[in-house]
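A quick write-up on the structure given underneath.
Protein chains in written order, with our numbering: chain Y, 9 to 137; chain U, 9 to 137; chain F, 9 to 137; chain R, 9 to 137; chain X, 9 to 137; chain B, 9 to 137.
Structure, rendered in structure tokens:
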């Protein structure tokens, strides 16, 4: 019942142009199902790709750090597709098993202590206001 | 109505020992309200500090990256206390305004694309299974 | 290991009465698995159906808008069953692909900007207090 | 800018009837702001009170356990109003500081291990299917 | 400790251009604090405004419906700033108190039934796959 | 693509020691996949087990109540693995179908009323401050 994936061969020209840019930018032979799904709404495809390309590009933070932050959010939100696809990305960027282990440990502790701070209704320290 | 903060002067010896370790490890004159709140349940104080000390220590990931991941989770969970206290931590560790801007941009895009992946019920690509 | 689905034939009279009302109200030949699952606790079945029937009925908002709001929440909460069953409902009520695309776009942007507002700890404008 | 609280004196008869039932059931002199806020939509007031009265009544679980579960959910969702009002309820029902400490500890650990299970994408054990 | 709000008078030209476009598009004398906060990272300001302008524009869904969906997500995520600012927007677009009451009722029921579906681990109906 | 499960036979000595303690403490012949997954990062395995053993032990709250709280959080967070494994635990501890029904009903109502409180932006009562 989910919408059909739009394959390159069946895509309208403006969709195909986005696919081509994704493939060229990431140097991959085909785009992920994520893009083929949101291509059902071409303006969403174009806008999301433009935004993601800009946000995930090397800048003040390096791409590996950005992808780890992406994984941390996706785990907190429990988005299986996003975890799998961005975990693949961090692996390609060189994340080691030890780094993944520490990433998960921080995500776990942050989720735990977030609830302790909320549950104890901790008042902001003077110096944090 | 939240539980009272436990100040060092009023603290039981096992609480005081944790406070002393926090102050020594972080080289700060006093502990944050978070610790003074959870000190109402001394086993939670001791366990949480031992865990956080271990998880946030330098390792395969450096402390600045770990703190940024912590902020990313706290923003996704909307924990004001955690955002303020860990943002202070990343600032102390040298995070620039440009890095903060990119951190927030990634957190925002991850939260957006998480919902697009879920909303379109995107099927896992063969190669991600 | 989930509880068994309660089929009409095996249902206690008070469960059967609810099933009959669902089928009559929605003009469907059988009730969804959701109802057959919560029928394991008959008071939950009766209360949930009464509430949902009241809340989703035409009123100041029309049913299509209500179902779209339902989908928006379900996507944000990542409830696959709810997305699939309420997406089926919005389709029956006439939602077009273009409307679905815009619905998902708004859900995505709301999730993104929610985190930007939280992450930047934006203070309420005077006029919004 | 939030809607005004509806005080008993200004309330329509069907709202006043609900207020009276809340006060009688809970043996309190006035209803909480929560009820005065949702009274802006009388059907929501009536339905929510009927549901909550039924769900929180003594049954197979005792009211203290039910209120602790309510607090656990409210902390996980970060609803300050709900935490404060239901924490007051569990205190009235006799919850000790030690019980509150353990409640928060369980909520914290559940939130942590939920993310570890999701982050490691743990496959269901044969015997849990 | 949050970053300072960037007022128009102190803004760099590319920030001022975005402010001018927001004011012209929405026909308002000043931009909200949200924009003044994210203006600390000009690329985020420009990208977020371009995206939001496109997504919230009249299209297959009308602006009032889009704003209600936005509020539904913001309530589910518990973003106070977003609730207040978008509730102001839906009011300006003509939402009545009765419509607001029904909107909240749907958001509440969706959040409840999402958890019932998840908690009972309801299997997808054949016809929903 | 998830990390492989670490079986006892292939486990490093410090992992095996944790497995042995889990099996002895819980009186089970084998550990769940959860432990075999996080064993990919031995410090996370050891720390998580030590914490969970302490937190879930009988204390001011009995283990059945603790497990029900755990299930309530896991349902709210939509963690399928956690729901299934902790539901198995509450069943072993004697939870009846009626208790499960009431547990789910409370979780559902808490999630609903959390959003009503947030959506109506209910101000804290004087006596709850």
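The beta-carbon is built from N, C-alpha and C at its ideal position, and this holds for glycine as well. What you are looking at is a predicted structure, and each value in this text was computed from that prediction instead of being measured.
*With a cut-off of 8 Å, do at least 3 Cβ pairs link the region 87-95 of chain U to the region 122-137 of chain Y?*
yes
*Under 7 Å between the Cβ atoms of residue 83 of chain B and residue 127 of chain X?*
yes
*asked:* Using C-beta distances below 6 Å, list every residue in its chain close to residue 96 of chain X, excluding the 5 sequence neighbours before and after it, in chain order.
replied: none
_Separation of residue 81 of chain B from residue 48 of chain F, as counted between CA atoms_ = 21 Å
*If we call anything under 7 Å between Cβ atoms a contact, is residue 133 of chain X one with residue 40 of chain F?*
yes
*asked:* Against chain U, does residue 104 of chain X count as a neighbour if the rule is that its beta carbon must be under 7 Å from one of theirs?
replied: no
*How would you write the range of the alpha helix (DSSP H) that residue 52 of chain R sits in, first residue to last?*
50-64
*Supposed contact pair residue 101 of chain F and residue 75 of chain F - C-beta distance, whole angstroms, cut 8 Å*: 6 Å
*Mind listing which residues of the region 45-75 of chain Y have their C-beta closer than 7 Å to chain F's C-betas, in chain order?*
48, 49 and 52
*Segments of 4+ residues assigned as alpha helix (DSSP H) that fall wholly inside the region 89-132 of chain B*: 105-127
*Whose CA, out of B/85, B/113, B/71 and B/93, lies closest to the CA of residue 107 of chain R?*
B/71
*Which residues, taken in chain order from the region 83-111 of chain Y, show a beta carbon closer than 8 Å to some beta carbon of chain F?*
85, 86 and 87
*Roughly how many whole angstroms lie between the Cα atoms of residue 12 of chain B and residue 55 of chain B?*
20 Å
*asked:* Counting C-beta neighbours from all protein chains within 10 Å, is the total for residue 52 of chain F 16 or more, i.e. buried, or is it exposed?
replied: buried
_Considering only their Cβ atoms, is the gap separating residue 69 of chain F from residue 117 of chain X smaller than 7 Å?_
no
_Secondary structure of residue 22 of chain Y, DSSP reduced to three states_ = helix
*Run through DSSP, which three-state label would residue 36 of chain B get?*
coil
*Going by the beta-carbon positions, is the gap between residue 42 of chain R and residue 130 of chain B smaller than 7 Å?*
yes
*Per-residue burial, residue 9 of chain Y [other beta carbons within 10 Å of its own, 16 or more giving buried]*: exposed
*Kindly give me the distance between the Cβ atoms of residue 26 of chain B and residue 14 of chain B, rounded to whole angstroms, as I take these residues to be in contact under 8 Å.*
So it is not a contact: roughly 11 Å between Cβ atoms.
*Indicate whether at least one CB of chain Y lies closer than 7 Å to the CB of residue 123 of chain R.*
yes
*Got a sec: is the Cβ-Cβ distance from residue 113 of chain F to anything in chain Y below 7 Å?*
yes
*Which one of F/33, F/38, F/115 and F/16 has the shortest CA to CA distance from residue 85 of chain X?*
F/115
_Counting only beta-carbon separations shorter than 7 Å, does residue 16 of chain Y have a partner in chain U?_
no
*So, is the C-beta of residue 136 of chain R closer than 7 Å to a C-beta in chain F?*
yes
*Where residue 85 of chain X falls: helix, strand or coil (DSSP)*: helix
*For residue 27 of chain B, decide whether its Cβ has a neighbour in chain R, counting only Cβ atoms nearer than 7 Å.*
no
*Put residue 136 of chain R into one of helix, strand or coil per three-state DSSP.*
helix
*Got a sec? Which residues, its chain only, sit under 7 Å from residue 98 of chain B by beta carbon, not counting five neighbours each side?*
72, 75, 76 and 79
*Start-to-end residues for the alpha helix (DSSP H) that takes in residue 45 of chain F*: 41-46
*Kindly indicate which residue of F/63, F/113 and F/94 has the alpha-carbon position closest to the one of residue 62 of chain X.*
F/113
_To the nearest angstrom, how far is the alpha carbon of residue 18 of chain U from that of residue 94 of chain B?_
39 Å
*Mind checking if residue 10 of chain X is an interface residue toward chain F, Cβ cutoff 7 Å exclusive?*
yes
*Using three-state DSSP, classify residue 17 of chain X as helix, strand or coil.*
helix
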